[in-house]
Every structure is written in structure tokens, then in C-alpha cells.
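Going from the first sequence to our numbering is simple: count from 1 and add 291. Glycine included, each C-beta is placed from N, C-alpha and C at the ideal position. Just so you know, these numbers come straight off a predicted model, no measurement behind them.
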Amino acid sequence: MNTKVSINEQIRLILIENSEVLFGTKINENLIQFQKTRKEVEGDVTLVIFPFVKALKCSPIEAGNKIGDFLKEKLNSIASFEVVSGFLNLSINSSYWIEQLKSIEVDPLFGFESPNSKSTVMVEYSSPNTNKPLHLGHLRNNFLGYSVAEILKANGHKVVKTQVINDRGIHICKSMLAWEKFSPLNDKGERETPENTGLKGDKLVGKYYVEFDKQFNAEAKEIIAQWENGDFANFPSSIVEEFKKLTDSKEGKDEKAVKGIDDKIKDLAKNETTLLREAKEMLVKWEARDPQIYLLWTTMNNWVYKGFDVTYKSMGVDFDKLYYESDTFILGKDIVIEGLQKGVFFKKEDGSVWIDLTEDGLDEKLLLRSDGTTVYMTQDIGTAVDRYKDYSDLSGIIYTVGNEQDYHFKVLFLILKKLGYSWADNCFHLSYGMVDLPSGKMKSREGTVVDADDLMQEVIDKAGALTAERGHLEGMSKDDVNTLCTTIGMGGLKYYLLKVDPKKRMMFNPDESIELNGNTGPFIQYAYARINSLINRSGGIQSYNSIELKEEEREIIKLLIDYPSVIKEAGKMYSPAVIANYIFELVKLFNQFYQAVPILIEENQDAKNLRLELSKNVSKVIKSSMALIGVDVPDRM
RNA sequence: GACUUUGUAGUUCAAUGGAUAGAAUAGAAGUUUCCUAAACUUUUGAUGCAGGUUCGAUUCCUGCCAGAGUCACCA
């Protein structure tokens, strides 16, 4: 028997080879559809009969019986079959399944394509701003990106993990300005630094970004108050007119509309603040490489990077290559200017550069401001081109970025295409949904942002408390306890965030983040630890003769041999959730088996060894698949 | 308002167009003389509404209702 070719594949080949005998005509391969055999019915493999009914010109039952008889004749691993409505359920011999188990046992990379056998793919994830600490949303992003990279590797791709660091732009200038203006001086005359405050660098810079926002809003409020009092000195007449127009339009509108207009007035006032003007001036100076500004910028960014490094380490993610927007924006600008000459872009009267995408059903999009500075889009164009320069063999870039930027990427890829880059078609936006809290959306203004460092520490502490409660920490060294709690806590958190379809918006309930029961990371880790203990106690697995399999054993083997196709599916869908759901199903099935079937005390040595080997391979697949979602498994817990 | 997207048990999630829509959790009732009870068993409970395509629709199409996102010289 050929164990390399699955039973489904064998059936498929027989049906195709014999289609003229069986159906009187060549059949389309797509008609051959398998599906999972339902628990209630007898059988291991199910072939859908409906598609063949037309060709055979008989009832689904008759068709099923005809195909079943034919297959049984050809394949001796088919023990029997049964036709239920339009489904042909085939029962396969135990020996076939045991052969399958043995082939898993001897394959150290079971389920994986051979490494680097496929094209090179770049996966971008994380890509934070350098003015705010990482939060819960970044956790989903990082875990997702890392996991997709691992899944693609398992599919044989060479993967370059990357991120682009948004280290420039008006937002950076905001925190720089706020630090210069508002940081208190200590007795040595120094402003606040990570060293003299003990604050993590990203947290310190984040503090000043918030401070900017606060002062900025206060100033805008003052301006509005002035306007409302009829004080329009020092303001250009166009602004004054706009304000009056907006104020008048509030008349007779409902509450919601008035709020919208008030927001517009606020934006108007914000543009008139000294703070924003200063920030803008700073950006212009920065782009002109003003040495003083550059030094400040370097210093503060380094604080942030140090802070981020700590967070990435806790997350267990890493990168092969970093891109900095401060490096790529110039290239982006050059490309835009080149595109302007080629007529891809156009210039408005005030000197700003745009692209007209109205023919493609999109809007006009800004690429260079009237003061000549670049925007987000310009930088992204530069970064993409830079990447293809660095990696000429790249077959695609996957951008792991939230779905709020769906439009941005649609525009970006279209612009790249219009600029004549053929690889633009291979860029893919891995768009994921936002993470909601039970209280609703995370809002920094309302202080409902869940900080990444805090959350990770929290789940680790909680894992420690729960493990200690069960008395499972006895006799362990302090280091081992720390490692175990981190494994469990982070495993719970990662699994929680990755088990949901990435595309969907999800709910994060902090109280449930480290549940131990049900569809959770620790539930799976526990099963792994239990198998590990079982194997250790067994004293080794001997070879065994083929026996008649129990239902539980057969089901597990069937699920185990699905693993390679699960990895393929996860790769195709860019979805760690496919992996997570598979592991959970496998573990649930194993737990049922473990509960119902004796192993170490089994007297029949063939049965005992088979069960041990089965368990061992379940643990092998658990470890391998958990690694694909970035989760470690403990030997004991 | 336009465009995009999502609506499945009380709650959080599943379901390449396929059989009686699966789990988890919460609720109810059980299992420890045997390998880790962080386990297992039993049980209650759902496809937003109205049409259409199909042998067959949670899935595809249309309309409506509800939520979310985007529509910046922010990133």
C-alpha cells in the first residue's frame, strides 16, 4: 500500500482514470468533493454524490451504490460502505490508518513543505508610531503578523519579517515640541529622560505626545472662545468668514449635526494654534536636516526603540529587516516628482501634488503638501520600492495593518500600478479587525487604552496565581516557575487573540483573557503536558502489530493526517485562526480518548504501544501547530 | 450622505454551496479505587428581516433594518 498517497487522493485518481467506464464520459475533477463524515453515520471518508447524479442519470442512492461498489472492488483498504441520501460513506480498514500513523511518526517535519522550497515573501507587521507605547491593538497585529510569517514558512516560503518604523512626520514633532516646552527641569537642570525618571522610553515619549494634545486642545478652546466673543484680531479674514458661516449653519439643526459643525469649528481653531504652527515649522526644519532638531529627534527616537525592544521581546516577535520612514520618504518624494513629469500626478495652484483616481471610482489623493513635505502615502510608495530594490526575488509583500486603512492600501497599490510597477499586483493588505473592549472601543482620550506591557504582565501574574492555587509549582526552581508562568500567560493571551478570524472585529474581555477552561491556550498546553508525563512514565514505545482500532483512536488518526492540509489552508487564508481551531479540535478529541481508553495499564502490548505512539504524535502536532501561532508549550504544568 | 464591512444560542467564537448549523462559556445534573480533574459525561439554548438563484443557502444576488470603519495638506 502506498502510504504517501492519502485515501482521498487514491479515490480521486481511480474516479478520474475510470470516469469513462463509470460515468460514460470524462468528468470534471472539481466534481469530486470530499467532506468530513458526520459522527452519527458509519464511515471514515465521505464522497458527495450529488455532482455525479446528472451524468449517471439515476437517483443519488443508486449512483452512490454504483460508485461504492466500484471503489470497493478497486481499493482493498475499503472495508465497507453505506449510502445515506446523497453521500457515500466509506469505511476504511484499521491497517490503513495504522500505516498512516506510522508515516507521521517517521516524518520529523510532518505537515510542513520543505523549507525555502517556494518563493520569498515579505511580511510586514507591527509598524508602530514612535510617539505612543504599544497597546492591545498592536498585540493582535504583532501576533498575527508573526504567526502568518511562520505559517508561510511552513508552507515552504522563504519569509522576510519586516516593519516600517514611522519615525518621522508631524506626529513626532508634536512629542518633540511638547518635551521641549513642557518637561520640567530637575535640580541638575535636565529635562525628563528615561534615565532620570526610570520610565520606559516609549512611555516617556508617549506622555509628551499626550501632553501636546492636551495643551493643543486647550489653546484651540481659547481661540474658539475669542471668536465667540467677536474678537477676530490676528486672524485672516478667510478663517473668520469660515467660522461665521459654520456658526450660522448651526441654526435649526439637530444635536448630532450641531456636534459635527462644532468639530469643524474646532479643526479650524486647531489650525490657528501656535503649537501646531510650531510643530509644522519643526517638521519643515527636520526635513531640511536642521542639526539641532535632528539631534533631539535621534535622542527621543532612541528612547522609544529601547522601550519597544523590551516589549517585542516579551511578545516573542522579531524582525529580519527594519525600514525607517526617515530613510524612505526621500525616495518616495523622488518617485512622486518623477511621476509628476510622466504625467501620472498633477500639481495644483498652491504647489501641492495630487493623483486623480476618480476614473477608478476613488477620489483625488494628496502626495506632496504645498510646503513640499511628504505625507503617509508618499512614504509608503518609497518604502515599497525600496523593498523590491533590496529583495529582487520577492514574490509579494503582505501588509499586516488594521482594516481602518483599507482605503489607504487600495489607493497605494493602485498608485504603484499606475507608476508602472508590475509587482504592485502582488502586494496584499492583510486587513484585520479592531479589538473592542466590553466597554466599547479603546479611546486614548478616555483612558481606556489597554497598554501592551501592562496586559502581558497581568496575564503572566494571573497564570502564576492560578498555577500556584493548584499546587503545580511545588519543587520547581524560581526560574522554572517564571518560565512556566510566562509560557502559560502569554500562551493564553496569544491564543485568545489569534483564535478569531483575523478579518473580523473582535471582543477582548480582560477577565477572560487567561481562562483555563474551554477553547483556550492553557487547555491545549495542559493536554501537551499530560501527554509528556504519560510518555515519560511509559518507559519507551515498542513496535507493535496492527490491531483493530477503537473508534476514538481512528478519529484521532484521521484528524492528525489532516494537519498538512490545515497548514495549506491557513497559508492560503493568511489565518492563524484556522490553525487554532484545528488544535482545539484535536485536543478535545484526544482528551476524550485519554479519558475513555486506558493506556499504561492496558495489558495488550500492541494496543498499549499503539496508544502511546498515537499520544506521542498528538503531542508532536500540538507542539508544531502551537509554534505556528507563536505559542510555546510546557513539559509540565 | 457615499463607499467598505459585520449581523449565528444569554455571551464569545465555528461552519471550501451540502446531511439534523458545531464549539466554548454561563445555567442544570454527574464522573477521582487508572496514566496530571487546568480533564471527562449528560442537558437547556441561535442563522436580523423580506425576496431571488439552486436538487440544496449561514454561505451567492437584491432590498430593508442595525452596528462598525473610511471619506484630512493626520499617521
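1) Buried or exposed for lysine 479, going by 16 or more other Cβ atoms inside 10 Å?
2) Could you have a look at phenylalanine 534 and say whether DSSP puts it in helix, strand or coil?
3) Using a 10 Å radius around the Cβ and a threshold of 16 neighbouring Cβ atoms, would you call leucine 877 buried or exposed?
4) List in chain order: all unbroken alpha helix (DSSP H) runs of 4+ residues lying wholly within the region 333 to 386.
5) Does aspartate 335 pass the burial test, meaning 16 or more other C-beta atoms within 10 Å, or should it be called exposed?
6) Among Leu381, Ile688 and Tyr723, whose alpha-carbon lies nearest the alpha-carbon of valine 414?
7) Could you check how far apart the C-beta atoms of valine 741 and histidine 462 are, in whole angstroms? I think they sit under 8 Å.
8) Can you grab the Cα-Cα spacing for the pair methionine 292 / glutamine 326, in whole Å?
9) Please state if the CB of asparagine 592 and the CB of aspartate 458 are separated by a distance shorter than 9 Å.
10) Please state whether DSSP places lysine 327 in a helix, a strand or coil.
11) For the beta strand (DSSP E) that contains serine 686, what are its first and last residues?
12) Helix, strand or coil for serine 722 per DSSP?
13) Going straight from the alpha carbon of serine 910 to that of asparagine 827, what length do you get?
14) Between the Cα of methionine 606 and the Cα atoms of Asp745, Gly355, Asp651 and Lys914, which residue gives the shortest distance?
15) What residue from Arg845, Lys452 and Asp641 has the CA that sits closest to serine 661's CA?
16) Pairing CB atoms from the region 773 to 790 with CB atoms from the region 742 to 762, are three or more of them under 8 Å?
17) Under the DSSP definition of a beta bridge, which residues are partnered with valine 451?
18) Going by alpha carbons, who is nearest to glutamine 506 out of Lys561, Glu519, Thr337 and Pro813?
19) The beta strand (DSSP E) with tyrosine 437 in it runs from where to where?
20) Under 9 Å between the Cβ atoms of isoleucine 305 and leucine 362?
21) Roughly how many angstroms separate the alpha carbons of valine 339 and leucine 379, rounded to a whole number?
22) Taking only the alpha-carbon atoms, compute the straight-line gap between glutamate 486 and tryptophan 594 and give it to the nearest angstrom.
23) Let's test the definition: count the other Cβ atoms within 10 Å of the Cβ of glycine 521 and tell me whether it reaches 16, buried, or not, exposed.
24) What are the complete alpha helix (DSSP H) segments, minimum 4 residues, inside the region 739 to 805?
25) Give me the DSSP bridge partner(s) of tyrosine 615.
26) Distance, Cα to Cα, lysine 604 vs glycine 598?
27) Cβ of leucine 807 within 9 Å of Cβ of phenylalanine 434?
28) In terms of DSSP beta bridges, what is aspartate 647 paired with?
29) Give the DSSP bridge partners of leucine 877, in chain order.
30) Give the straight-line distance between the Cα atoms of asparagine 356 and glutamate 373, rounded to the nearest whole angstrom.
31) Can you find a heavy atom of the ligand ZN that lies under 8 Å from the Cβ of lysine 348?
32) Just checking my contact of serine 834 with serine 385 at CB under 8 Å: how many whole Å lie between their CB atoms?
33) Within 10 Å of its beta-carbon, does serine 730 have 16 or more other beta-carbons around it, so buried, or fewer, so exposed?
34) I'd like the ranges of any alpha helix (DSSP H) spanning at least 4 consecutive residues and lying wholly in the region 560 to 588.
35) Is the region 866 to 884 close to the region 813 to 830, with three or more CB pairs under 8 Å?
36) Which partner residues does lysine 638 have in the DSSP bridge list?
Let me lay it out:
1) As a position in the first sequence, residue 479 is number 188, starting the count at 1. By the Cβ neighbour-count rule, lysine 479 is exposed, with fewer than 16 other Cβ atoms within 10 Å of its own.
2) For the purposes of this step, residue 534 is taken as residue 243 along the first sequence, with counting starting at 1. Assigned with DSSP and collapsed to three states, phenylalanine 534 falls in helix.
3) Reading the first sequence from its first residue, position 586 is the one you call residue 877. It counts as buried.
4) Complete alpha helix (DSSP H) runs here, min 4: 341 to 347 and 351 to 365.
5) Here residue 335 refers to the residue found at position 44 when the first sequence is read from its first residue. Counting the other CB atoms within 10 Å of its CB gives aspartate 335 a total of 16 or more, which places it among the buried residues.
6) Residue 414 sits at position 123 when you count from the first residue of the first sequence. Closest option to valine 414, Cα to Cα, is Ile688.
7) Taking the first sequence and counting its residues from 1, the one referred to as residue 741 is at position 450. Taking the first sequence and counting its residues from 1, the one referred to as residue 462 is at position 171. Not a contact, Cβ separation roughly 21 Å.
8) Your numbering for residue 292 matches position 1 in the first sequence. Your numbering for residue 326 matches position 35 in the first sequence. Low confidence applies to methionine 292: its pLDDT is 43, below 50, so where it sits in the model is not reliable enough to give any reading.
9) To locate residue 458, count along the first sequence from 1; it is residue 167. To locate residue 592, count along the first sequence from 1; it is residue 301. Closer than 9 Å, so yes.
10) Within the first sequence, residue 327 is the residue found at index 36, counting from 1. In this structure, lysine 327 counts as coil in the three-state DSSP scheme.
11) Within the first sequence, numbered from 1, the residue matching residue 686 stands at position 395. That run of the beta strand (DSSP E) goes 685 to 693.
12) The residue you call residue 722 lines up with position 431 of the first sequence. Secondary structure of serine 722 (DSSP, three-state): strand.
13) Translated into the one-based positions of the first sequence, residue 910 becomes position 619. Translated into the one-based positions of the first sequence, residue 827 becomes position 536. When rounded, the distance between both Cα atoms is 13 Å.
14) Mapped onto the first sequence, residue 606 falls at position 315. The residue among Asp745, Gly355, Asp651 and Lys914 with its C-alpha nearest the C-alpha of methionine 606 is Asp745.
15) Taking the first residue of the first sequence as position 1, residue 661 is located at position 370. With distances taken between CA atoms, serine 661 lies nearest to Asp641 out of Arg845, Lys452 and Asp641.
16) Yes, they touch.
17) Looking up residue 451 in the first sequence gives position 160. In the DSSP assignment, valine 451 forms a beta bridge with Met413.
18) Mapped onto the first sequence, residue 506 falls at position 215. Of Lys561, Glu519, Thr337 and Pro813, the residue nearest in Cα terms is Lys561.
19) In the first sequence, counting from the first residue as 1, residue 437 sits at position 146. Tyrosine 437 -> not in any beta strand (DSSP E); alpha helix (DSSP H) instead, spanning 427 to 445.
20) Along the first sequence, one-based indexing puts residue 305 at 14. Along the first sequence, one-based indexing puts residue 362 at 71. Result yes, Cβ atoms of isoleucine 305 and leucine 362 sit closer than 9 Å.
21) Stepping through the first sequence from its first residue, residue 339 is reached at position 48. Stepping through the first sequence from its first residue, residue 379 is reached at position 88. C-alpha separation (whole angstroms): 6 Å.
22) As a position in the first sequence, residue 486 is number 195, starting the count at 1. As a position in the first sequence, residue 594 is number 303, starting the count at 1. One C-alpha to the other measures close to 10 Å.
23) For the purposes of this step, residue 521 is taken as the residue at position 230 of the first sequence. An exposed status is given to glycine 521, since fewer than 16 other beta-carbon atoms sit within 10 Å of its beta-carbon.
24) Runs of the alpha helix (DSSP H) inside the region 739 to 805: 743 to 760 and 769 to 789.
25) Position 324 of the first sequence, counted from the first residue, corresponds to residue 615. In the DSSP output, where bridge partners are listed per residue, tyrosine 615 has Ile456.
26) If you number the first sequence from 1, residue 604 lands on position 313. If you number the first sequence from 1, residue 598 lands on position 307. Taken atom to atom, the span from the alpha-carbon of lysine 604 to that of glycine 598 is near 10 Å.
27) Here residue 807 is taken as the residue at index 516 of the first sequence, counted from 1. Here residue 434 is taken as the residue at index 143 of the first sequence, counted from 1. Phenylalanine 434 sits away from leucine 807, with the two beta carbons spaced by 9 Å or more.
28) Along the first sequence, one-based indexing puts residue 647 at 356. Note: aspartate 647 sits in a beta bridge opposite Glu655.
29) Residue 877 sits at position 586 when you count from the first residue of the first sequence. The secondary-structure analysis by DSSP pairs leucine 877 with nothing; it has no beta-bridge partner.
30) By one-based count along the first sequence, residue 356 stands at place 65. By one-based count along the first sequence, residue 373 stands at place 82. Cα to Cα, asparagine 356 sits roughly 8 Å from glutamate 373.
31) Of the ligands one can find in the structure shown there are none, so the ligand ZN has no counterpart to examine.
32) Residue numbering aside, residue 834 sits at position 543 when the first sequence is read from its first letter. Residue numbering aside, residue 385 sits at position 94 when the first sequence is read from its first letter. Not a contact, Cβ separation roughly 16 Å.
33) Counted from its first residue, the first sequence places residue 730 at position 439. Result: exposed.
34) Whole alpha helix (DSSP H) segments, 4+ residues: 565 to 578.
35) With the cut-off at 8 Å, the region 866 to 884 and the region 813 to 830 touch.
36) In the first sequence, residue 638 corresponds to position 347, counting from 1. According to DSSP, lysine 638 bridges with Val644.
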